[in-house]
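Asker: Right, I'll just put the structure down here and ask away after.
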Amino acid sequence: MDNRPIGVFDSGLGGLTGVKELRKRLPHENIVYFGDTGRVPYGSRSPETILQYARQDIAFLLSQNVKCIMAACGTVSSTYPAAEAAKLPVPYLGVVDAAAREAAFATRNRRIGVIGTAATIRSRSYETLLRKLVPGVEITARPCPLFVPLVEAGYVDHSSPDKEQITKLVIAQYLTEVRDAGVDTLILGCTHYPLLNAMIGEFMGRNVVLVDPAKTAAHHLERTLSERGLRADHPAGQAHFYVSDTPDSFAQTADLFLGEYKGGPVEQIAIDKF
2 MDNRPIGVFD SGLGGLTGVK ELRKRLPHEN IVYFGDTGRV PYGSRSPETI LQYARQDIAF
62 LLSQNVKCIM AACGTVSSTY PAAEAAKLPV PYLGVVDAAA REAAFATRNR RIGVIGTAAT
122 IRSRSYETLL RKLVPGVEIT ARPCPLFVPL VEAGYVDHSS PDKEQITKLV IAQYLTEVRD
182 AGVDTLILGC THYPLLNAMI GEFMGRNVVL VDPAKTAAHH LERTLSERGL RADHPAGQAH
242 FYVSDTPDSF AQTADLFLGE YKGGPVEQIA IDKF
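The numbering used here applies: residue 2 is where the sequence shown begins, and numbers increase by one.
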C-alpha cells in the first residue's frame, strides 16, 4: 500500500484525458497533474527543447513526492529517452508504448494509421515500435496540428453546426489519405484527439478501431501499481492541478476534458525553477 500521489504531466490540457481515465479506474488514488500551459505547444519544438521541458516537468512532479509518473503527452513520450526514464526513482510510463501495443493487438490486416503532433510523427517512435510488434505492418502516419486548437476552442461535438462543419472539414483534410490507405486501426497519438473521437470515427468508418493512448496508458499504470504493491487506500482520491500560466483559462477548459471527474484546486508554478 502506498498513499503517495500519482504524477501526470502534459504540455497543456490534453493530458487531462489521462487524469479522467485514472480517476475512473483508480478512485482511491490522489493525482498531481502538471500542465505546462505557459509553453504549450510542445509538438512544434525541437527535440532538445522538448527534452529540457520534460526534465523540468518530471523534476516538479518528483518534488511533490509522487510514487509514479505518467507522461500523458505523445510528444514527450516520443522524445524522452527510455534509458533516462529507467533511471528515475519512481516508475515512469509514456503513452506511446501502451498505444502501440494496443494497436498491434487490434489490427487484423496489418495496416495501422498514426496521427499526432509534428514532433511525434517526425520522431517515428510509433513506427519503430509497431515494426517490432507487427511483422510486415504498413503504417500511414500524418501530423494533424490543427486538432489541438480546435479541441481547446471547444470544436468537439455536435452542439454547434458551424463548429462541427469546420472540424469535419479539417478531419477530412488530414485523414483522407489515412482512410484511403485501408487502415483498420488508427492511433490517436495526441491526448487531445480522443475528444474528437466521435467525428474521427464517423469519418474513418465503423470497422476502424480507434486507439486512445491515454486510456491504454492508464490501464497499464493501474496494472503496474497493482504488481508493485503501490495501490492507495484513500476513501476518495483527490486531484490537484498545477499550471505554468494563469490558472483561470485552464480551470474553464479543464471541465471539457474531465467531465464528471472535474474539480480540484489549480495553482500556478514557476516551472523554470526546476
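By construction, the Cβ of each residue, glycine as well, lies at the ideal position given by its N, Cα and C atoms.
(1) Taking the C-alpha atoms as reference points, what is the distance between Gly265 and Gln239?
(2) Report buried or exposed for Ile89, applying the criterion of at least 16 other Cβ atoms within 10 angstroms of its Cβ.
(3) Tell me, please, which residues DSSP counts as bridged to Val209.
(4) Along the chain, which unbroken stretches of the alpha helix (DSSP H) at least 4 residues long are found entirely within the region 179 to 206?
(5) With His241 as the anchor, note down where its beta strand (DSSP E) starts and where it stops.
(6) Check this for me: beta carbons of Ile113 and Arg143, under 9 angstroms apart or not?
(7) Check whether the Cβ atoms of Ser78 and Pro214 sit closer than 9 angstroms, and answer yes or no.
(8) Tell me the DSSP secondary structure of Gln174 in three-state form.
(9) Whole angstroms is fine: what's the gap from Leu63's alpha carbon to Phe275's?
(10) Please tell me whether Phe204 and Lys164 are closer than 9 angstroms, where the distance is taken between their beta carbons.
(11) For chain B, find out if any of its Cβ atoms is closer than 9 angstroms to the Cβ of Thr118; answer yes or no.
(12) Let me check understanding here. Comparing Cα to Cα, which of Ala107, Gly206, Gly155, Gly202 lies closest to Ser250?
(13) What residue range is occupied by the uninterrupted beta strand (DSSP E) comprising Gly36?
(14) Would you decide whether His1 is buried or exposed? Buried here means 16 or more other CB atoms lie within 10 Å of its CB.
(15) Indicate the three-state DSSP secondary structure (helix, strand or coil) for Gly155 in the structure shown.
(16) Please classify Pro42: is it buried, with 16 or more other beta-carbons within 10 angstroms of its beta-carbon, or exposed?
(17) Looking at C-alpha atoms only, which residue of Leu17, Thr247, Glu153, Met2 is the closest neighbour of Ile272?
(18) Taking 8 angstroms as the threshold, find out whether the region 126 to 143 comes into contact with the region 177 to 190 through three or more Cβ pairs.
(19) Run through DSSP, which three-state label would Phe275 get?
(20) Taking the alpha-carbon of Leu131 as reference, which of Ala199, Ala99, Leu23, Gly202 has the nearest alpha-carbon?
(21) Using CA atoms only, rank isn't needed, just tell me which of Val210, Asp3, Ser12 is closest to Ser245.
Answerer: Once the coordinates are examined:
(1) 7 angstroms
(2) The sequence shown places Leu at residue 89, rather than the Ile named in the question. Answer is exposed; the Cβ neighbour count stays below 16.
(3) None; Val209 has no bridge partner.
(4) 198 to 205
(5) 240 to 244
(6) no
(7) yes
(8) helix
(9) 10 angstroms
(10) no
(11) Among the chains of the structure shown, chain B does not appear; only one protein chain is present.
(12) Gly155
(13) 32 to 36
(14) Nothing in the structure corresponds to residue 1, since the chain is present only between 2 and 275.
(15) coil
(16) buried
(17) Thr247
(18) yes
(19) coil
(20) Ala99
(21) Ser12
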